[in-house]
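In this note's numbering, the protein residues as written are -6 to 760.
Laid out in structure tokens, this is it:
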């Protein structure tokens, strides 16, 4: 068994804080990528693995969902079509470290529960199915057949199929996602919570109402051709680093960039592209032409203020600001929207945003002058109570200027996890529309339930209340990804059975039900050979392009099964060999799955042939393709009419947001270096404006407990080091998952039910 690293767990006493960086990437990004690869994989394996990352003959990055260039758009892929965090993701998956039966014999559940998320993840790849039997202190090996039999027995023993909850992470392939939802609906429930519920669910809800489709309306080529790119509530330098190359390219053609964020982020200040001379020996490329340091949750007020100015300028010079032809022909409710926004209270805008009116006017002027504008956003918008109306206000600005269905313009929710969008397309949603369910029923001759299932928040409530008794997860780290950590852990521990299909050890394996299973699966980098020969899978990127992904490495263990094989074998154990769905055929040859996807999923006709094209194919998108908005209630794009709202806090309190370190992706902790923010060798930090620290009487470097306040009581996260940081006044930030304990389960976005992780009212108490 390979040596485990780190040998020791995190010592927060070693934490060091320096000055935040004013630029991103450059040679340090290259050096870190190679060092992490060498540490985990060795030099030769690192070169072989990275060479195939995001290439047509290789595999899709298991990190973010940023798209690759397409030949049909006149674009070409680079030799190194990946970023630092993509390289880290591959190193974590293709590591030579192993977690086998000997590891679990050595480490009890109590021992593992005391380890940090970082330590758990660094131990390596899982190699065999493991079971924790009721009352046992250690996981022990179990055969695949016995694991499937145990799971099937527990599921069949439930009084109601809705007592089972089936979670999904975005890393699941389209083929596995389609089979997963088919298995779950064959079982008789729509309980299909997924990671979308915690990130871009608000975007889907808002865009479905505004444009009729819950996806963005741009391609990568549109970003390259834009005159103006507005980046809102997003840190691309850490979360989508390849986006920086797209912004750099647009800037080289004359585009301007507006950044709207409570924190200054290095990746939006200056980018040193390590693939060109300027990025290696020069100063790099400045990106943001205007930085709006907005208060948390003030974005809705900002967008309404910009709308107010655009309307006023149009009144003063009719026909020069708004796209009146587009508004009249293709939109609905403009008059009600205009009435609402014309009555805007600018004093409220001042309080909500913290921005100078002169800067708001400057930004509005840039939007008014741009002929091609792209609006990009991420979790900084989606994780607020008023997230859905806020995103509708972004769409309103695009509609005012006709920036939907136009080259170089559109709406761009930047999805985080690779294939999180594809999962939804394939049916992973607790509220799939009737046409999809009817098509599924017709195709397979099975009854499909219509009752809406549980999303993530409702799943936690169901487990807490004894209504959810079996929890099954394909990928992800549910215990660490979700809000209200203590409550969520109690809910998971109350289950009769928890099952996790995973590549690596994580927190969810030690927050277990009375019986627990770990089912190890192939990673995206590994060869998938079935009875029908070597297989490939498909994924959908953030801009609706569907393409193939082919693993090339030998599997980490001879005992691993693919996600498709795991689901097919579980289905056969659960339903028997006479079930109408040909599970054995699906496991043998993934083309058989894609043939059924083609007949069920809209836009996927002739799927097998089209995904074999060099760049795959792009799913239809009526707003983007033809300015048609058939998915809305009126058949036209809908202006949202929203009351002005924003979060407020009492004296001595701050508004806290959770965010990622540069050394993590979602809940996977790659290391302890957030070098862009100047933090090394630790994670328990809270970033606070120095002026707020003065007002609170707390010194930079002190240790504090973070205490969140909610109607049902306080929640506490202990011993965080205070870091004076140039964030917006009245605002603070801390890393997740450490700060997830502060997010109340019932603090959610209206309509989308997304946890409001960007608007936590906290007080700081000396530790």
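Glycine residues also receive a C-beta, built at the ideal position from the N, C-alpha and C atoms.
Since residue 126 and residue 92 should fall inside the 8 Å C-beta cutoff, what is the C-beta to C-beta distance between them, to a whole number of angstroms? Locating residue 126 in the chain shown gives position 133, counting from the first residue. Locating residue 92 in the chain shown gives position 99, counting from the first residue. The pair is not a contact, with the Cβ atoms about 19 Å apart (cut-off 8 Å).
State the beta-bridge partners of residue 405 as determined by DSSP. The count along the chain shown starts at 1 and reaches residue 405 at position 412. Bridge partners of residue 405: 369.
Of the choices 688, 324, 405, 478, whose alpha-carbon is the least far from that of residue 193? Numbered from its first residue, the chain shown carries residue 193 at position 200. Comparing Cα positions, the closest option is 405.
Would you mind sorting residue 447 into buried or exposed? The rule is 16 or more other CB atoms within 10 Å of its CB. Locating residue 447 in the chain shown gives position 454, where the first residue counts as 1. Result: buried.
Please check the pair residue 742 and residue 378, which I expect to be a contact at CB under 8 Å, by giving their CB distance rounded to whole angstroms. Within the chain shown, residue 742 is the residue found at index 749, counting from 1. Within the chain shown, residue 378 is the residue found at index 385, counting from 1. Confirmed, Cβ separation roughly 6 Å.
Bridge partner(s) assigned by DSSP for residue 753: What you label residue 753 is simply residue 760 of the chain shown in a count that begins at 1. Per DSSP, 649.
Quick one: Cα of residue 506 to Cα of residue 144, how far? Here residue 506 refers to the residue found at position 513 of the chain shown. Here residue 144 refers to the residue found at position 151 of the chain shown. C-alpha separation (whole angstroms): 13 Å.
Please report the Cβ distance between residue 336 and residue 304, rounded to the nearest whole angstrom; I am assuming they are in contact, meaning their Cβ atoms lie under 8 Å. Within the chain shown, the letter at position 343 stands for residue 336. Within the chain shown, the letter at position 311 stands for residue 304. Not confirmed; about 11 Å, so no contact.
If you follow the beta strand (DSSP E) that residue 217 is part of, which residue opens it and which one closes it? One-based indexing of the chain shown puts residue 217 at position 224. That residue, residue 217, is in no beta strand (DSSP E); its alpha helix (DSSP H) goes 213 to 218.
Would the beta-carbon of residue 110 fall within 8 Å of that of residue 730? As a position in the chain shown, residue 110 is number 117, starting the count at 1. As a position in the chain shown, residue 730 is number 737, starting the count at 1. With contacts defined as CB atoms closer than 8 Å, residue 110 and residue 730 qualify as a contacting pair.
So what does DSSP say about residue 534, is it helix, strand or coil? Taking the chain shown and counting its residues from 1, the one referred to as residue 534 is at position 541. If DSSP states are grouped into helix, strand and coil, residue 534 belongs with coil.
From the DSSP output, which residues share a beta bridge with residue 763? No information on residue 763 is available, as it lies outside the stretch -6 to 760 that the chain covers here.
For residue 640, tell me which candidate among 718, 591, 723 has the shortest Cα-Cα distance. As a position in the chain shown, residue 640 is number 647, starting the count at 1. Restricting attention to 718, 591, 723, the CA atom closest to the CA of residue 640 is found in 723.
According to DSSP, is residue 123 part of a helix, a strand, or is it coil? Walking along the chain shown from the start, residue 123 turns up at place 130. Residue 123 falls in the strand class under three-state DSSP.
Count the other C-beta atoms from every protein chain shown that fall within 10 angstroms of the C-beta of residue 576, then say buried if there are 16 or more, exposed otherwise. Translated into positions along the chain shown, residue 576 becomes position 583. Residue 576 is buried by the Cβ-count criterion.
Along the alpha helix (DSSP H) that carries residue 21, what are the first and last residues, could you check? For the purposes of this step, residue 21 is taken as the residue at position 28 of the chain shown. Unbroken alpha helix (DSSP H) run through residue 21: 20 to 34.
Short Cβ contact (8 Å threshold) for residue 754 with residue 648: Stepping through the chain shown from its first residue, residue 754 is reached at position 761. Stepping through the chain shown from its first residue, residue 648 is reached at position 655. The answer is yes: Cβ separation under 8 Å.
Pick from 568, 675, 281: whose alpha carbon is nearest that of residue 713? Here the question's residue 713 lines up with position 720 in the chain shown. Taking only the C-alpha atoms, the option nearest residue 713 is 675.
Do you know offhand how far residue 763's Cα is from residue 738's? Examination of residue 763 is not possible in this model, given that the chain is present from -6 through 760 alone.
Between residue 216 and residue 399, what straight-line distance do the alpha-carbon atoms span, to the nearest angstrom? Working through the chain shown from its first residue, we reach residue 216 at position 223. Working through the chain shown from its first residue, we reach residue 399 at position 406. For residue 216 and residue 399, the distance between alpha carbons rounds to 12 Å.
Taking the alpha carbon of residue 745 as the point to measure from, which residue in 187, 10, 79, 666 has its own alpha carbon closest? For this step, residue 745 is matched to residue 752 along the chain shown. Closest option to residue 745, Cα to Cα, is 187.
Integer Cβ distance of residue 395 from residue 316, believed to fall under 8 Å: If you number the chain shown from 1, residue 395 lands on position 402. If you number the chain shown from 1, residue 316 lands on position 323. Contact flag correct, Cβ pair sits at about 3 Å.
Residue 459 classed as buried or exposed, judged by whether at least 16 other C-beta atoms fall within 10 angstroms: Within the chain shown, residue 459 is the residue found at index 466, counting from 1. Exposed, since its Cβ has fewer than 16 Cβ neighbours within 10 Å.
Count the other CB atoms within 10 Å of the CB of residue 55; is the residue buried (16 or more) or exposed (fewer)? Position 62 of the chain shown, counted from the first residue, corresponds to residue 55. Taking all protein chains shown into account, residue 55 has 16 or more neighbouring C-beta atoms within 10 Å of its C-beta and is therefore buried.
For the structure I just gave you, are there three or more beta carbon pairs, one from the region 242 to 252 and one from the region 594 to 606, closer than 8 Å? Using a C-beta cut-off of 8 Å, the region 242 to 252 makes no contact with the region 594 to 606, since fewer than three inter-stretch Cβ pairs fall below that distance.
Rounded separation between residue 266 and residue 278 - CA only: Indexing the chain shown from 1 puts residue 266 at position 273. Indexing the chain shown from 1 puts residue 278 at position 285. Between residue 266 and residue 278, the alpha-carbon positions lie close to 8 Å from each other.
Could you spell out the range, first to last residue, of the beta strand (DSSP E) harbouring residue 636? Within the chain shown, residue 636 is the residue found at index 643, counting from 1. Run containing residue 636: none; DSSP gives neither H nor E here.
What does DSSP give as the partner residue(s) for residue 728 in the beta ladder? Counted from its first residue, the chain shown places residue 728 at position 735. Residue 728 pairs with 652.
From residue 361 to residue 620, what distance separates their C-alpha atoms? Position 368 of the chain shown, counted from the start, is the residue given in the question as residue 361. Position 627 of the chain shown, counted from the start, is the residue given in the question as residue 620. Using only the alpha carbons, I get a separation of about 21 Å.
Taking the beta carbon of residue 255 as the centre, do at least 16 other beta carbons fall within 10 Å, making it buried, or is it exposed? Looking up residue 255 in the chain shown gives position 262. Buried.
Over the uninterrupted beta strand (DSSP E) stretch that includes residue 597, give me the two end residues. For the purposes of this step, residue 597 is taken as residue 604 along the chain shown, with counting starting at 1. First-last for residue 597: undefined, no H or E at that position.
What are the residues that DSSP puts in a beta bridge with residue 492? Here residue 492 corresponds to residue number 499 of the chain shown, with the count starting at 1. 465, 510.
Consider the Cβ of residue 66: report whether some Cβ of chain D lies at a distance smaller than 8 Å. Judged by its chain identifiers, the structure shown contains no chain D, having just a single protein chain.
Helix, strand or coil, according to DSSP, for residue 348 in the structure here? As a first step, residue 348 must be located in the chain shown, where it is residue number 355. Looking at residue 348 - three-state DSSP - the assignment turns out to be coil, as it is neither helix nor strand.
Measure from the alpha carbon of residue 90 to the alpha carbon of each residue in 33, 537, 426, 684, then state which is nearest. Counting from 1 along the chain shown, the entry for residue 90 is found at position 97. Residue 33 is the option with its Cα nearest to residue 90.
Alpha carbon to alpha carbon, how far is residue 679 from residue 716? Give it in angstroms, no decimals. As a first step, residue 716 is located in the chain shown; it is residue number 723 there, counting from the start. As a first step, residue 679 is located in the chain shown; it is residue number 686 there, counting from the start. Approximately 6 Å, taken between the alpha carbons.
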